[in-house]
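Have a look at the structure below, then the notes.
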Amino acid sequence: MKRTNPLVLATAAVLGALAGFLFDHLLTISGRPTFTPSVSLPIMLALLGALVVVLALPIRRAIRGPRGTDRALTEGNSQPSAPLVNPFRALRIVILAKASSIVGAAVGGAGAGLAGYLLSRPVPPPLGSTTAVVATAAAGAVLVAAALVAENMCIIRKDDDDEPAEPAAGGDNHSW
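Its first residue numbered 93, the sequence shown is counted upward by one per residue in our numbering.
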């Protein structure tokens, strides 16, 4: 599994910002009030970020030893011991973290686009709507950070056995 690409997050944020800006612009030219996200949206985004990190903690504890040491090599053994990790659970949490980071980037970008449109208008916007869109953008950034931390917590160190053996330099490809 590959880590989340920063280019994907940047693309989601830019597309979200464009969508938020254009949505408010279309509402304004049609004579409707601008969009103001609910106060519960930033709260839910921050809670989702906390939930993703909390779900990743047991995976981190299973991968790492009691004092933050890598559990793969135990003190008395030279052979790596199998980590006590359910791989399906770890995969589900990593996928949740990846999806949360992309959603956080898109929603945070949309909040930034809404804020950009509100602040570009000649009439100052009401404080309540400005606070809501800025809080949404900030909560999107918090969700991205929490999701990336959770994704990092679920990474298992590669074993030497994971890489295929390279052929010998002298042309003899036999391993016996």
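Virtual Cβ for every residue (Gly too), placed ideally from N, Cα, C.
Among all the DSSP beta bridges, which residues are the ones paired with residue i?
i: Arg213; result: According to DSSP, which records beta bridges pairwise, Arg213 is partnered with nothing at all.
For residue i, which residues from the same chain have a beta carbon less than 7 angstroms from its beta carbon, with the 5 sequence-adjacent residues on both sides left out?
i: Met93; result: Val186
i: Ala142; result: Ala238
Looking only at its own chain, which residues have a Cβ that is under 6 angstroms from the Cβ of residue i, when we skip the five neighbours before and after it?
i: Val225; result: Gly203, Leu206, Ala207
i: Gly201; result: Ala105, Gly108, Ala109
i: Ser221; result: Thr128
Under 8 angstroms, do residue i and residue j count as touching if we go by C-beta distance?
i: Ser193; j: Leu140; result: no
i: Thr223; j: Pro129; result: no
i: Ala239; j: Gly196; result: yes
i: Pro134; j: Ala230; result: yes
i: Leu210; j: Thr126; result: yes
i: Leu101; j: Leu235; result: no
i: Met245; j: Arg152; result: yes
Is residue i helix, strand or coil by DSSP?
i: Arg124; result: coil
i: Gly232; result: helix
i: Arg95; result: coil
i: Val177; result: coil
i: Ile247; result: coil
i: Pro150; result: helix
What whole-angstrom Cβ distance do residue i and residue j have, given they're in contact under 8 angstroms?
i: Ala198; j: Gly108; result: 4 angstroms
i: Ala189; j: Val146; result: So it is not a contact: roughly 12 angstroms between Cβ atoms.
i: Val177; j: Ile247; result: With a Cβ gap of about 11 angstroms, Val177 and Ile247 do not count as contacting.
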